[in-house]
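Order-wise, the sequence lines are chains A and B.
Using numbering that gives the first Met the number 0, the letters of the first sequence correspond one by one to residues 0 to 264.
Using numbering that gives the first Met the number 0, the letters of the second sequence correspond one by one to residues 0 to 486.
Note that beta-carbon positions come from the ideal geometry of N, C-alpha and C, so glycine has one too.
The next block holds one structure in the form of structure tokens; read it before the comments.
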Amino acid sequence: MYDAPTPGSKVDQTDIKITAKKVQVYYGDTHAIKDVDVDIVDRAVTAFIGPSGCGKSTFLRCLNRMNDTIDVCRVEGEIKIDGEDIYDRRIDPVQLRAKVGMVFQKPNPFPKSIYDNVAYGPKIHGMVRNKAELDELVETALRGAALWDEVKDRLQSPGTGLSGGQQQRLCIARAVATQPEVLLMDEPCSALDPIATAQVEDLIETLKEQFSVVIVTHSMQQAARISQKTAFFHLGNLVEYDDTNTIFTNPSDSRTESYITGRIG
Amino acid sequence: MPVFWLVLILLALGVGGYVFGRSRAMASAGGDSRKLHSLPNYYGSNVAIKALVPSFLVLFIWLIAQPMFISSQIAGQLPDDIVPEGGSIGLIMAEVRRTAEGIDAIVAAGGMTEEMASSGRADITDFTARLQEAGQVVTGTVTQPILRAAQSYRSMTATGSLAMTVVVLLMTAAGLVYGLRETFPEFRARNVVEASVKMLLIAAASLAILTTIGIVLSLVFNTVEFFRIYPASDFFGSLTWSPSFQGNSQLGIWPLLWGTLYISVIALLVAVPIGLFAAIYLSEYAPKSVRATAKPLLEILAGIPTIVYGLFALLTVGPMLVKVFGDGGLGWMQSGTAVMTAGLVMGVMLIPFVSSLSDDIINAVPQAMRDGSFGLGATKSETIRQVVLPAALPGIVGAILLAASRAIGETMIVVLGAGAAARLSLNPFEAMTTVTAKIVSQLTGDSDFASPEALVAFALGMTLFIITLGLNVFALYIVRKYREQYE
Numbered sequence: 000m001y002d003a004p005t006p007g008s009k010v011d012q013t014d015i016k017i018t019a020k021k022v023q024v025y026y027g028d029t030h031a032i033k034d035v036d037v038d039i040v041d042r043a044v045t046a047f048i049g050p051s052g053c054g055k056s057t058f059l060r061c062l063n064r065m066n067d068t069i070d071v072c073r074v075e076g077e078i079k080i081d082g083e084d085i086y087d088r089r090i091d092p093v094q095l096r097a098k099v100g101m102v103f104q105k106p107n108p109f110p111k112s113i114y115d116n117v118a119y120g121p122k123i124h125g126m127v128r129n130k131a132e133l134d135e136l137v138e139t140a141l142r143g144a145a146l147w148d149e150v151k152d153r154l155q156s157p158g159t160g161l162s163g164g165q166q167q168r169l170c171i172a173r174a175v176a177t178q179p180e181v182l183l184m185d186e187p188c189s190a191l192d193p194i195a196t197a198q199v200e201d202l203i204e205t206l207k208e209q210f211s212v213v214i215v216t217h218s219m220q221q222a223a224r225i226s227q228k229t230a231f232f233h234l235g236n237l238v239e240y241d242d243t244n245t246i247f248t249n250p251s252d253s254r255t256e257s258y259i260t261g262r263i264g
Numbered sequence: 000m001p002v003f004w005l006v007l008i009l010l011a012l013g014v015g016g017y018v019f020g021r022s023r024a025m026a027s028a029g030g031d032s033r034k035l036h037s038l039p040n041y042y043g044s045n046v047a048i049k050a051l052v053p054s055f056l057v058l059f060i061w062l063i064a065q066p067m068f069i070s071s072q073i074a075g076q077l078p079d080d081i082v083p084e085g086g087s088i089g090l091i092m093a094e095v096r097r098t099a100e101g102i103d104a105i106v107a108a109g110g111m112t113e114e115m116a117s118s119g120r121a122d123i124t125d126f127t128a129r130l131q132e133a134g135q136v137v138t139g140t141v142t143q144p145i146l147r148a149a150q151s152y153r154s155m156t157a158t159g160s161l162a163m164t165v166v167v168l169l170m171t172a173a174g175l176v177y178g179l180r181e182t183f184p185e186f187r188a189r190n191v192v193e194a195s196v197k198m199l200l201i202a203a204a205s206l207a208i209l210t211t212i213g214i215v216l217s218l219v220f221n222t223v224e225f226f227r228i229y230p231a232s233d234f235f236g237s238l239t240w241s242p243s244f245q246g247n248s249q250l251g252i253w254p255l256l257w258g259t260l261y262i263s264v265i266a267l268l269v270a271v272p273i274g275l276f277a278a279i280y281l282s283e284y285a286p287k288s289v290r291a292t293a294k295p296l297l298e299i300l301a302g303i304p305t306i307v308y309g310l311f312a313l314l315t316v317g318p319m320l321v322k323v324f325g326d327g328g329l330g331w332m333q334s335g336t337a338v339m340t341a342g343l344v345m346g347v348m349l350i351p352f353v354s355s356l357s358d359d360i361i362n363a364v365p366q367a368m369r370d371g372s373f374g375l376g377a378t379k380s381e382t383i384r385q386v387v388l389p390a391a392l393p394g395i396v397g398a399i400l401l402a403a404s405r406a407i408g409e410t411m412i413v414v415l416g417a418g419a420a421a422r423l424s425l426n427p428f429e430a431m432t433t434v435t436a437k438i439v440s441q442l443t444g445d446s447d448f449a450s451p452e453a454l455v456a457f458a459l460g461m462t463l464f465i466i467t468l469g470l471n472v473f474a475l476y477i478v479r480k481y482r483e484q485y486e
């Protein structure tokens, strides 16, 4: 179904989806993100790694303006998706989030049926004209999240009744159903067992064919397995950003080396 | 007051027991508290508990049982013909007690020697005169049997109190000795105190439950009594409510039940949308500072006594409605007291119930739900409508049902705002009345508690109780059934 992934394979540097320049994030008086510059490649997996509290999740949440929902949070600098500044006044954050989907650390299916969970995005964005189209879209999304075969006979049962791994794939299906261009994943496997983790990782490999995936992870093995580019964050700074292969085999910064060899973190 | 002094003495003994127990424990350990099983305080408390708990229990039971016992003894002594036709033994006993108390007061004031007060040959007219002179209220003339009864009532009470004092003090002393004797280093005083704390809590809980059972039983007995003299088929079948104290009353519950439900529905129509929207604003939109002031302000509404709401209905809302819907305006409304008046004001009263409970419930919906929805590009109101409210719905339904029980049981607003006419009508601008308001009017004034017109109040109360109980059970069921959906 998909090509076997080549960890750390070189990607075409010209195909840039997101560019971030001099991004600063403040929580009240705390300077959480300092001067982060990063270019995120389209149709590839970019991993953010780093110790807890280093700002990787905060930076991820800047990319779809989820930080707007936190009162004390302030973002400065420039983040462009396809050359368009997403913090521009004319940009509607609600519209932006439809384009930049997000999957969270803990599976958070809505207290609705499996079908309604997936149909939620398409319905609110008016993406379909009738029930038949919606049915088709839901099926495509569930197939895309490798969940269809497990749930096709019980689409009307509650999404919260699924297992943890299935719930997380349901949340991915839900994000995929709105047909985003970028998919942000905030430690999507941290609440899952190894088998469910493997399923979600397989899924990420297929998803990157369609759009760019940015994943925050605590597992360096996971970053090495699935990503093409890796960014290492430490104390709010972006320490190093390079091809995954380079980061894990030949890091240029001593802090990166210490982290991936387990000496800090 | 001998009982008051007795209690003080007991408490002093308890404190003494505590001090002795504590020092004895320390002495038994040779002054080294580390050798004791428990902290020294526990040994003291153990002695105090052993001394006080049994004696206070006996005191309490004795105080309740003694008057009952004496009354039944005296009643047995009274001649059978003393009870007049249509009267009851209770009235005679009340007179006996009053006479006895009157004699007590005179003796205490020095108007009579103790010897004379208890003399078997005392003169009735002299006694009556002295009682009246001393300002003691005695109905009519004290008759010979009543005076005799009062005298033996006095002597039995005195003997009883003396016996009680002796028994209670003996028990305390025994408890003290027992507690002190078991005070040695290996004794697990800490565990005893722990068990006593548990018993105290169990006692408090059972008292609350027993009181509820008592209330229900008193309702049930009187309701049964009512249905014995008034047919249940008329009570539940008749559409007319016209009590008359000359007898021949028509006591159909439907006009009252209709008024209750009509007013409650109007109240909920006001309270539910306003309360719910307020809750949504407070929990989802309002900045922290607004929420911090607005929520307590809203909850002040819940602290206003309902009689004040009743005045508001009578003096402000009623006349205002008359101006618009009355003869000068649309001509639908005759006077300020109407279903609409009471319903609107009751709705205002219920707003904080709905909003405060709903606000807590909406806040309990995990932030992850909202994040999930925002992450898909939903707006705030879409998120609230399609994710937050469905998740909070069982709790909100529970809140609404609780508000409904309040509305059904509300009295003062109805008495002042809705009028007193029991009628079955669809016009919300007409005066109607409710079950609760009629319970009040049936029981106030000179009512004979044996007549159906008074006893009907208990049947009405029982009906209300069952309706609100049903609503509460239903609310609990809904909340339980759907609670786990998002946990």
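Local conformation of residue i per DSSP, three classes
{"i": "Val213(A)", "result": "strand"}
{"i": "Lys34(B)", "result": "helix"}
{"i": "Ser205(B)", "result": "helix"}
{"i": "Ser241(B)", "result": "strand"}
{"i": "Asn236(A)", "result": "strand"}
{"i": "Phe473(B)", "result": "helix"}
{"i": "Ile85(A)", "result": "coil"}
{"i": "Pro351(B)", "result": "helix"}
{"i": "Pro6(A)", "result": "Here Pro6(A) scores only 47 on pLDDT, less than 50, and its place in the model is too uncertain to base an answer on."}
{"i": "Pro78(B)", "result": "coil"}
{"i": "Phe231(A)", "result": "strand"}
Amino acids of chain A, ordered along the chain, whose beta-carbon sits closer than 7 Å to that of residue i
{"i": "Thr378(B)", "result": "Val93"}
{"i": "Glu381(B)", "result": "Ile123"}
{"i": "Ala367(B)", "result": "Phe103, Lys105, Asn107"}
Limits of the alpha helix (DSSP H) - the one that residue i falls within
{"i": "Val117(A)", "result": "113-123"}
{"i": "Met25(B)", "result": "1-27"}
{"i": "Thr378(B)", "result": "No alpha helix (DSSP H) contains Thr378(B), which DSSP labels as neither H nor E."}
{"i": "Phe276(B)", "result": "253-279"}
{"i": "Thr336(B)", "result": "No alpha helix (DSSP H) contains Thr336(B), which DSSP labels as neither H nor E."}
{"i": "Val289(B)", "result": "287-302"}
For residue i, the nearest candidate out of the options (CA to CA)
{"i": "Pro365(B)", "options": "Arg262(A), Phe109(A), Ser56(A)", "result": "Phe109(A)"}
{"i": "Arg187(B)", "options": "Leu35(B), Leu463(B), Leu12(B)", "result": "Leu35(B)"}
{"i": "Thr164(B)", "options": "Phe59(B), Ala266(B), Gly75(B)", "result": "Phe59(B)"}
{"i": "Trp147(A)", "options": "Phe103(A), Met184(A), Leu202(A)", "result": "Leu202(A)"}
{"i": "Leu62(B)", "options": "Glu113(B), Ala157(B), Arg479(B), Leu130(B)", "result": "Ala157(B)"}
{"i": "Val46(B)", "options": "Val57(B), Leu9(B), Phe68(B)", "result": "Leu9(B)"}
{"i": "Ala26(B)", "options": "Phe276(B), Thr182(B), Gly89(B)", "result": "Thr182(B)"}
{"i": "Gly418(B)", "options": "Leu310(B), Met461(B), Pro286(B), Ser248(B)", "result": "Leu310(B)"}
{"i": "Leu349(B)", "options": "Met368(B), Val271(B), Phe473(B)", "result": "Val271(B)"}
{"i": "Pro304(B)", "options": "Gln131(B), Ala398(B), Val344(B)", "result": "Val344(B)"}
{"i": "Asp242(A)", "options": "Phe47(A), Pro121(A), Ile123(A), Leu133(A)", "result": "Phe47(A)"}
{"i": "Gln65(B)", "options": "Arg153(B), Tyr41(B), Phe126(B), Ile360(B)", "result": "Arg153(B)"}
{"i": "Phe58(A)", "options": "Tyr26(A), Gly82(A), Ala140(A), Asp252(A)", "result": "Tyr26(A)"}
Endpoints, the beta strand (DSSP E) within which residue i is located
{"i": "Leu182(A)", "result": "181-185"}
{"i": "Met101(A)", "result": "99-102"}
{"i": "Cys72(A)", "result": "72-80"}
{"i": "Val35(A)", "result": "29-40"}
{"i": "Val166(B)", "result": "Not the beta strand (DSSP E): Val166(B) falls in the alpha helix (DSSP H), residues 143-180."}
{"i": "Val24(A)", "result": "15-26"}
{"i": "Val44(A)", "result": "44-48"}
Cross-chain neighbours of residue i in chain A, by beta carbon under 9 Å
{"i": "Asp370(B)", "result": "Met65, Thr68, Met101, Phe103, Asn107"}
{"i": "Val386(B)", "result": "Phe109, Pro110, Lys111, Tyr119"}
Residues that residue i contacts on chain B, provided the C-beta gap is smaller than 7 Å
{"i": "Cys72(A)", "result": "The contacting residues do not exist; Cys72(A) stays about 14 Å from chain B at best."}
{"i": "Gly143(A)", "result": "In chain order: nothing, as chain B lies at least about 15 Å away."}
{"i": "Thr45(A)", "result": "Under the 7 Å cutoff, chain B gives no residues; its nearest Cβ is about 18 Å from Thr45(A)."}
Distance cut-off 8 Å: residue i Cβ against heavy atoms of the ligand GTP
{"i": "Ile259(A)", "result": "This structure does not include the ligand GTP; it has no bound ligands of any sort."}
Under 7 Å by beta carbon: chain C residues contacting residue i
{"i": "Gly397(B)", "result": "The structure shown has no chain C; the protein chains it does contain are A and B."}
Chain-ordered chain B contacts of residue i [CB-CB under 8 Å]
{"i": "Thr177(A)", "result": "Leu375, Gly376"}
{"i": "Ala174(A)", "result": "Gly374, Leu375"}
Within chain B, partners of residue i - CB distance below 9 Å
{"i": "Ala97(A)", "result": "Leu375, Gly376, Ala377"}
Every unbroken alpha helix (DSSP H) inside the region 213-240 of chain B [4 residues or more]:
231-236
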